[in-house]
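>
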Amino acid sequence: MFNYYIYRTAQFIALILPLRLVYAIAVLLADLHYLFAFRDRRFVVNNLRVIFPEKPDQQLRKISRMVFRNFAKYLVDFFRFEKLNRNYIDKKIKLEGMHHFDAALSSGKGAVILTAHLGNWELGGVVIAQLGYPFWVVALPHKNKKVNGFFDAQRNRKGVKVIAMGKAMRSCISEIRNNHMVALVGDRDFTGKGILMDFFGRSAHFPEGPAALSLITGAPIVPGFMLRNPDDSFTLRIEKPVEFAPAGDRAKDMADLVAAYKKIFEDYIRKYPEQWYVFRKFWVK
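Residue numbers 31 to 315, in this note's numbering, belong to the letters of the sequence shown in order.
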């Protein structure tokens, strides 16, 4: 319950103050958190060390500080969804590759939209919905019902429809077969039963959901990322659909499809490590 009131207070502040000032406050709080959150800081630095084994610790710590700062800004953007409109999109967000969405929907098969805990995936979903696409997201419910309601309301108010993880598969299949788009964050497995993959040279679990949805429905997997630019504008970059031809062996097809798109994650995380938000141990070994 306490977290709910923290979120509502943060939202109130984010809405009444100018964005630049709210960002400055968020960065200050992020720096304080970085100094005292020893466990989170250690996880981020250790994860970065796997990605960049050649970089000295001083550089890894510099990147990790930016991770904390950018995550704080991500929260600010989430709290300010109420202010987001088409004028903001036109001024602050560069759109790239939207024709991949149009092509996927024109086929009548819907689309599985794949992203990562990178940049601002929540803002990406809101922008896509505001542009008029039939857009659903799969989200992990918060343990506290009031917090969960707050997060879902933020999404719903801007046209993003939410499917709760845990009972998602049937609803996802239904929406895709209605030629809708369903988005999933595919770089973290919450079940403990994901597919084990090599990722930056180490073993990590990846969720089966995106690959399973694509194989069941025949919908293409279309990767997309909302990336923060140095001036705090954004680029919504949509990649071409993942190329994959099923062989008919479900287990092998699942593994091969995950292997195909996890390479895209590697490319983006390597290019934007300061925007990858994983404050825990990521690799199995």
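Here a beta-carbon is modelled for each residue, glycine too, at the ideal position from N, C-alpha and C.
Return helix, strand or coil for H147, following the three-state DSSP convention.
Here H147 sits in coil by DSSP.
> Counting along the chain, where does the alpha helix (DSSP H) carrying S244 start and finish?
Looking at the DSSP string, the run of the alpha helix (DSSP H) that includes S244 is 239–247.
> May I have the straight-line CA-CA distance separating Y104 from A275, to the nearest angstrom?
Answer to the nearest angstrom: the Cα atoms are 36 angstroms apart.
> May I ask you to report which of helix, strand or coil DSSP gives P253?
Strand, per DSSP.
> Is DSSP giving T39 helix, strand or coil here?
Three-state DSSP puts T39 in a helix.
> Mind checking whether A134 and P240 have CB atoms under 8 angstroms apart?
Not closer than 8 angstroms, so no.
> Let me confirm a value: Y64 is counted as buried when at least 16 other C-beta atoms fall within 10 Å, else exposed. Which label applies?
Burial call: buried.
> Per the DSSP calculation, E126 is bridged to which residue(s)?
Paired residue(s): R267.
> Taking a contact to mean a Cβ-Cβ separation below 8 angstroms, would you say V156 touches V190 in this structure?
Against a cut-off of 8 angstroms, the Cβ pair of V190 and V156 comes out as a contact.
> Look at N100 and R258 and say whether their C-beta atoms are less than 8 angstroms apart.
For N100 and R258, yes; Cβs fall inside 8 angstroms.
> Taking the alpha helix (DSSP H) that K175 falls in, what are its first and last residues?
K175 -> alpha helix (DSSP H) spans 175–186.
> Going by C-alpha distance, which of L45, K315, V57 is nearest G231?
With distances taken between Cα atoms, G231 lies closest to K315.
> Where in the region 92–137 do unbroken runs of the beta strand (DSSP E), each at least 3 residues long, occur, reported from the N-terminal end onward?
Runs of the beta strand (DSSP E) inside the region 92–137: 123–126.
> Report the three-state DSSP secondary structure of M227 (helix, strand or coil).
Looking at M227 - three-state DSSP - the assignment turns out to be strand.
> Rounded C-beta distance between V316 and A44? I'm assuming under 8 angstroms.
This structure cannot settle anything about residue 316, because the visible part of the chain is limited to 31 through 315.
> Return the first residue and the last residue of the beta strand (DSSP E) that K197 is part of.
Segment: none, K197 is in no beta strand (DSSP E) and carries neither H nor E.
> Indicate whether V271 and V252 have their beta-carbon atoms separated by less than 8 angstroms.
The displayed chain sequence assigns Pro, not Val, to residue 271. Their beta carbons are under 8 angstroms apart, which means P271 touches V252 by this criterion.
> Using a 10 Å radius around the Cβ and a threshold of 16 neighbouring Cβ atoms, would you call I143 buried or exposed?
With 16 or more other Cβ atoms within 10 Å, it is buried.
> My assumption, with CB atoms under 8 angstroms, is that V106 sits in contact with A56. Please give the rounded CB distance.
So it is a contact: roughly 5 angstroms between Cβ atoms.
> DSSP has F165 in a bridge; who is on the other side?
Answer is M211.
> So if DSSP puts R232 in a beta bridge, which residue, or which two residues, is it bridged to?
Beta-bridge pairing links R232 to F229.
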